[in-house]
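S.K.:
2 protein chains.
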Amino acid sequence: MRHSLVASIFALLSVGAGAAHAEGALRDQAKGLFEPIPKTAPAFPNNPATPEKLALGKMLYFETRLSEHRDMACATCHNLSMSGVDTIASSQLAGRDVQTVLNAVFNKSLYWDGRAADLQDQVVNSVMANPKAVLKTRGGPMAINPVELAATKQHEIDQLKTVPAYVEAFKTAFPGEADPLVYNNIGKAIAVFEATLITPDSAFDRWLTGDDAALDDTQKAGLELFINKGCAACHNGVNIGGASYAKFGVVANPGPEYLPPEDAGRYAVTKNNADRYVFKVASLRNVEMTPPYFHTGSTFDLRKAVAVMAEAQLGAKLSDDETTKIVAFLKTLTGKQPDIVLPVLPPRDR
Amino acid sequence: MRHSLVASIFALLSVGAGAAHAEGALRDQAKGLFEPIPKTAPAFPNNPATPEKLALGKMLYFETRLSEHRDMACATCHNLSMSGVDTIASSQLAGRDVQTVLNAVFNKSLYWDGRAADLQDQVVNSVMANPKAVLKTRGGPMAINPVELAATKQHEIDQLKTVPAYVEAFKTAFPGEADPLVYNNIGKAIAVFEATLITPDSAFDRWLTGDDAALDDTQKAGLELFINKGCAACHNGVNIGGASYAKFGVVANPGPEYLPPEDAGRYAVTKNNADRYVFKVASLRNVEMTPPYFHTGSTFDLRKAVAVMAEAQLGAKLSDDETTKIVAFLKTLTGKQPDIVLPVLPPRDR
């Protein structure tokens with residue numbers, strides 16, 4: 020009796036030690052693949068974030084007067100009430116699903132086809148200078164005429180110059196410049212604000228940095244599956260994605276609702292045949308908050324999205340139980356959403 | 020010498036006493052015409068503002084999934100970064116200039132033609148049920164078919180029901196109701212939030228309640244002109260307007276850019292010939308923040324707007340100096356803009 024009790028206690032301790040050992044091994048493996056979101060905004064060496072520039076960048080992010088018809092701002096599609104996306108399948112500007120601005124500063128490049136190098140480049144060169152940009156209005160598509168783009172940019176500058184408070188704000192944000200209200204500075208200011216839009220303190224990051232209790236067993240099992248099934252081969256790094264490109268349909272093409280033949284992805288940027296149907300690997304940070312999924316925005320169902328990816332990219336048919344666990348893990352990637360106090364935008368006076 | 024010094028001091032004291040008397044008389048006159056914006060949100064007797072309802076109302080105010088195409092929220096046109104308006108001359112929904120939601124709770128009725136009785140009525144019955152509503156898209160006008168409106172409302176309810184957190188939020192905001200996620204409760208919740216969108220503590224209100232130094236001499240002279248020229252005959256009360264209707268063009272019709280013949284104003288609501296070209300008197304609270312002006316949004320220039328009103332309504336041609344003073348007074352009506360922390364809107368899961 021006494022012997023069996025001692026044996027039982029010993030057995031229990033072994034299981035505990037084994038679990039602790041397994042947890043440690045999983046964390047070591049995870050640390051080799053992933054990094055937590057930093058607690059503070061990263062800095063740009065050539066674009067320091069002064070309080071004045073940050074305040075201006077926030078105003079411009081919400082500024083509809085940066086659009087030709089004064090009805091769209093960055094915040095329209097990259098809605099900060101909705102984890103930096105809209106709830107619509109295809110962007111009005113690009114014809115692809117909107118990718119979130121949250122943590123975008125950590126991505127290798129921007130857009131599904133990677134055509135913008137960084138946040139500033141995205142604002143200055145891509146939104147306004149993409150000759151393929153099409154405004155999908157309710158009345159049908161309306162192509163932006165590339166010949167008019169320079170005029171459009173000038174028109175926006177002219178609109179801002181009718182607002183005395185902006186003329187002043189650009190002077191204080193870019194001191195010493197003779198003509199600070201220029202497009203490049205709009206990009207710099209917005210980039211500095213967007214770099215603050217990060218979501219630290221997710222349950223996964225807390226676990227990764229040592230808090231065993233931050234994930235439950237189902238979520239840990241989901242993480243193991245995420246690594247061992249091969250998802251983490253592409254979805255890794257600080258953004259659990261966002262750091263590389265991959266062909267969509269490595270093993271098997273998904274249906275045309277997910278991969279329509281007319282959108283060849285990164286090929287449009289590089290004209291390299293190897294880039295046909297290659298897209299930037301999406302970040303999975305806050306993925307439960309950012310439906311719909313895929314560059315087509317074809318589903319709002321995260322289980323479905325996981326199943327499609329497993330089949331197309333890994334040739335794996337997941338069981339219901341495996342999908343449940345992976346989705347449980349993905350939901351631990353939701354971080355603290357940024358607190359955004361709306362800026363007050365100054366009126367024009369003529 | 021001594022006599023003349025005494026006389027001078029006496030004269031100065033008399034002027035001081037005279038100025039104080041004049042200030043007191045002006046304030047008495049103003050108190051008979053105007054009221055300050057209260058410091059706290061007014062309450063609705065049949066729609067108490069619980070924290071849960073307020074939080075839900077704020078979410079719904081920013082919720083694009085309340086629109087058919089999931090791309091417009093209350094906040095789109097009543098932009099809380101822009102004093103509750105957009106910066107566009109004509110609303111996309113109504114074809115008239117957007118009126119601010121700030122302090123709208125104190126208006127007698129809503130819309131330029133007064134077709135909504137209050138905030139809740141505006142949400143529930145007018146936005147969705149106005150058979151004249153026309154969506155002015157970039158591709159041209161798109162009439163909303165009144166026959167489809169009930170379906171549209173149901174469609175919105177269905178959209179919200181795909182979001183589990185909303186199903187829960189309506190239960191806690193409207194406890195004890197068997198089916199709380201209904202259109203009427205959307206209106207109640209949004210009305211409760213909108214009632215908090217008030218702008219107390221303007222310089223004018225501080226002066227009105229006793230702070231002599233809150234207005235300078237030019238602004239006080241502007242207030243006197245505003246009263247004595249007759250502006251305050253209509254623009255009075257807590258909202259300096261918003262409490263009555265008036266024909267636009269009492270003395271002389273303004274040009275068709277300000278009063279296009281095809282928009283007969285309140286006549287469309289009452290079918291009473293006396294209401295042709297009658298419009299709700301606009302509130303002048305925060306007027307410097309809410310260009311463009313008039314139901315047509317025909318000018319961004321507040322001086323021009325004042326001059327047009329004086330000629331059309333009072334038959335008065337103001338001097339440059341008089342306009343400067345009146346505009347200086349109008350700018351004292353800008354109150355403390357509400358601090359809005361963006362809500363985080365929950366994702367749908369299917």
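Chains A and B are the protein sequences, given in the same order.
Just so you know, our numbering puts 181 at position 162 of the first sequence, and the rest follows in order with no gaps.
Just so you know, our numbering puts 72 at position 53 of the second sequence, and the rest follows in order with no gaps.
Don't be surprised by glycine CBs; every beta carbon is placed ideally from N, CA and C.
1) Return the chain-ordered list of same chain residues with a C-beta closer than 7 Å to the C-beta of residue 350 of chain B, the five sequence neighbours on each side being excluded.
2) Leaving out the 5 sequence neighbours to the left and right, which residues in its chain are closer than 6 Å to residue 97 of chain A when beta-carbon positions are compared?
3) I want to see whether chain A comes within less than 9 Å of residue 376 of chain B, judged by CB atoms only; does it?
4) Can you pull the chain A neighbours of residue 194 of chain B, defined as C-beta to C-beta under 8 Å?
5) Are there 16 or more other CB atoms within 10 angstroms of the CB of residue 150 of chain B, so buried, or fewer, so exposed?
6) Any Cβ of chain A within less than 9 Å of the Cβ of residue 56 of chain B?
7) By how many angstroms is the C-alpha of residue 144 of chain A removed from the C-alpha of residue 364 of chain A?
8) Using three-state DSSP, classify residue 206 of chain A as helix, strand or coil.
9) Name the chain A residues that come within less than 7 Å of residue 213 of chain B, Cβ to Cβ?
10) Chain B beta carbons: is any one of them nearer than 9 Å to that of residue 310 of chain A?
11) In chain B, which residues lie less than 8 Å from residue 89 of chain A when you measure between Cβ atoms?
12) In three-state DSSP terms, what is residue 342 of chain B?
13) Measuring only between beta-carbons, confirm whether residue 259 of chain B sits less than 9 Å from chain A.
14) Answer yes or no: does any C-beta atom of chain B fall closer than 9 Å to that of residue 368 of chain A?
15) On the three-state DSSP scale, how would you describe residue 99 of chain B?
16) Pick out the complete beta strand (DSSP E) segments inside the segment 248-311 of chain A, 3 residues or longer, and give them in chain order.
17) Grab the span of the alpha helix (DSSP H) containing residue 73 of chain B for me, first residue to last.
18) Three or more C-beta pairs under 8 Å: does that hold for the segment 225-242 of chain A against the segment 80-97 of chain A?
19) Count the other C-beta atoms from every protein chain shown that fall within 10 angstroms of the C-beta of residue 207 of chain A, then say buried if there are 16 or more, exposed otherwise.
20) Under 7 Å between beta-carbons, which chain B residues line up against residue 358 of chain A? List them in chain order, please.
21) Going by alpha carbons, who is nearest to residue 270 of chain A out of A:212, A:280, A:226 and A:332?
22) Determine the closest residue to residue 267 of chain B out of B:283, B:258 and B:256, with distance taken between C-alpha atoms.
23) Determine the closest residue to residue 188 of chain B out of B:71, B:319, B:303 and B:339, with distance taken between C-alpha atoms.
24) Taking the CB atoms as reference points, tell me whether residue 366 of chain A and residue 219 of chain B lie closer together than 9 Å.
25) Tell me, please, which residues DSSP counts as bridged to residue 135 of chain B.
26) Going by beta-carbon coordinates alone, are residue 361 of chain A and residue 360 of chain B separated by less than 9 Å?
27) At 7 Å on the CB atoms, spell out the chain B contacts of residue 101 of chain A, in chain order.
28) Taking only beta carbons into account, state which residues of the segment 76-88 of chain A come closer than 7 Å to chain B, listed in chain order.
29) Chain B partners of residue 307 of chain A, CB-CB under 9 Å?
30) Please return the same chain residues whose Cβ sits closer than 6 Å to the Cβ of residue 20 of chain B, not counting the five positions on each side in sequence.
31) Compare the Cα-Cα distances from residue 278 of chain A to each of A:66, A:193 and A:316 and report the closest residue.
32) Spell out whether any CB of chain A is found under 9 Å from the CB atom of residue 320 of chain B.
33) Taking only beta-carbon atoms, is residue 181 of chain B less than 9 Å away from chain A?
34) Please classify residue 203 of chain A as buried or exposed, where buried requires at least 16 neighbouring CB atoms within 10 angstroms.
35) Using the C-alpha atoms, what's the distance from residue 100 of chain A back to residue 172 of chain B?
M.R.: To lay it out plainly:
1) Counting from one through the second sequence, the residue named residue 350 of chain B turns up at place 331. Answer for residue 350 of chain B: 307, listed in chain order.
2) Counting from one through the first sequence, the residue named residue 97 of chain A turns up at place 78. Cβ neighbours of residue 97 of chain A beyond the five flanking positions: 103 and 120.
3) The requested residue 376 of chain B is not part of the displayed model; chain B covers only 20 to 369.
4) As a first step, residue 194 of chain B must be located in the second sequence, where it is residue number 175. The CB of residue 194 of chain B never comes closer than 8 Å to any CB in chain A; the least such distance is about 25 Å.
5) Mapped onto the second sequence, residue 150 of chain B falls at position 131. Low per-residue confidence applies at residue 150 of chain B: pLDDT is 38, beneath 50, and the placement is therefore not dependable, though the value from the model is reported in the following sentence. Its Cβ having fewer than 16 others within 10 Å, residue 150 of chain B is exposed.
6) One-based indexing of the second sequence puts residue 56 of chain B at position 37. It does not; no Cβ of chain A falls within 9 Å.
7) Taking the first sequence and counting its residues from 1, the one referred to as residue 364 of chain A is at position 345. Taking the first sequence and counting its residues from 1, the one referred to as residue 144 of chain A is at position 125. Roughly 24 Å between the two C-alpha positions.
8) Position 187 of the first sequence, counting from 1, holds the residue named residue 206 of chain A. Looking at residue 206 of chain A - three-state DSSP - the assignment turns out to be helix.
9) The sequence position of residue 213 of chain B within the second sequence is 194, counting from 1. Ordered by position in chain A, no residue passes the 7 Å Cβ test against residue 213 of chain B, which lies about 15 Å from the chain.
10) The residue you call residue 310 of chain A lines up with position 291 of the first sequence. Yes, residue 310 of chain A counts as interfacial toward chain B.
11) Position 70 of the first sequence holds residue 89 of chain A. Neighbours of residue 89 of chain A on chain B, chain order: 105, 106 and 107.
12) As a position in the second sequence, residue 342 of chain B is number 323, starting the count at 1. Of the three classes helix, strand and coil, the one that applies to residue 342 of chain B here is helix, per DSSP.
13) Mapped onto the second sequence, residue 259 of chain B falls at position 240. Cβ-Cβ to chain A under 9 Å: no for residue 259 of chain B.
14) Taking the first residue of the first sequence as position 1, residue 368 of chain A is located at position 349. It does; some Cβ of chain B falls within 9 Å.
15) Numbered from 1 along the second sequence, position 80 holds the residue referred to as residue 99 of chain B. When DSSP states are grouped into helix, strand and coil, residue 99 of chain B belongs to the coil group.
16) 264-266 and 297-299
17) For the purposes of this step, residue 73 of chain B is taken as residue 54 along the second sequence, with counting starting at 1. It spans 70-80 - the alpha helix (DSSP H) in which residue 73 of chain B sits, taken as one unbroken run.
18) no
19) By 1-based counting over the first sequence, the position of residue 207 of chain A is 188. Around the CB of residue 207 of chain A, 16 or more other CB atoms lie within 10 Å, so the residue is classed as buried.
20) Translated into positions along the first sequence, residue 358 of chain A becomes position 339. Chain B residues near residue 358 of chain A: 360.
21) The residue given as residue 270 of chain A occupies position 251 in the first sequence. Of A:212, A:280, A:226 and A:332, the residue nearest in Cα terms is A:332.
22) What you label residue 267 of chain B is simply residue 248 of the second sequence in a count that begins at 1. The candidate whose alpha carbon is nearest that of residue 267 of chain B is B:283.
23) Locating residue 188 of chain B in the second sequence gives position 169, counting from the first residue. It is B:71 whose Cα lies nearest to the Cα of residue 188 of chain B.
24) Taking the first residue of the first sequence as 1, we reach residue 366 of chain A at position 347. Taking the first residue of the second sequence as 1, we reach residue 219 of chain B at position 200. The criterion of a C-beta distance shorter than 9 Å is not satisfied by residue 366 of chain A and residue 219 of chain B.
25) Position 116 of the second sequence, counted from the first residue, corresponds to residue 135 of chain B. According to DSSP, residue 135 of chain B bridges with B:129.
26) Residue mapping note: residue 361 of chain A aligns to position 342 of the first sequence, counting from 1. Residue mapping note: residue 360 of chain B aligns to position 341 of the second sequence, counting from 1. A contact, by the Cβ cut-off of 9 Å.
27) Position 82 of the first sequence, counted from the first residue, corresponds to residue 101 of chain A. Neighbours of residue 101 of chain A on chain B, chain order: 364.
28) 81, 83, 84 and 88
29) Here residue 307 of chain A is taken as the residue at index 288 of the first sequence, counted from 1. Result: 366 and 368.
30) Position 1 of the second sequence, counted from the start, is the residue given in the question as residue 20 of chain B. In this prediction, residue 20 of chain B has a pLDDT of 46, which is less than 50 and means its spatial position is unreliable; nothing more can be read from the coordinates.
31) Locating residue 278 of chain A in the first sequence gives position 259, counting from the first residue. For residue 278 of chain A, the nearest C-alpha among the options comes from A:316.
32) Stepping through the second sequence from its first residue, residue 320 of chain B is reached at position 301. Yes, contact with chain A.
33) Mapped onto the second sequence, residue 181 of chain B falls at position 162. Yes, residue 181 of chain B lies at the interface with chain A (some Cβ there is under 9 Å from its Cβ).
34) One-based indexing of the first sequence puts residue 203 of chain A at position 184. Exposed: under 16 other Cβ atoms inside 10 Å.
35) If you number the second sequence from 1, residue 172 of chain B lands on position 153. If you number the first sequence from 1, residue 100 of chain A lands on position 81. Looking at the two C-alpha atoms, the distance is approximately 23 Å.
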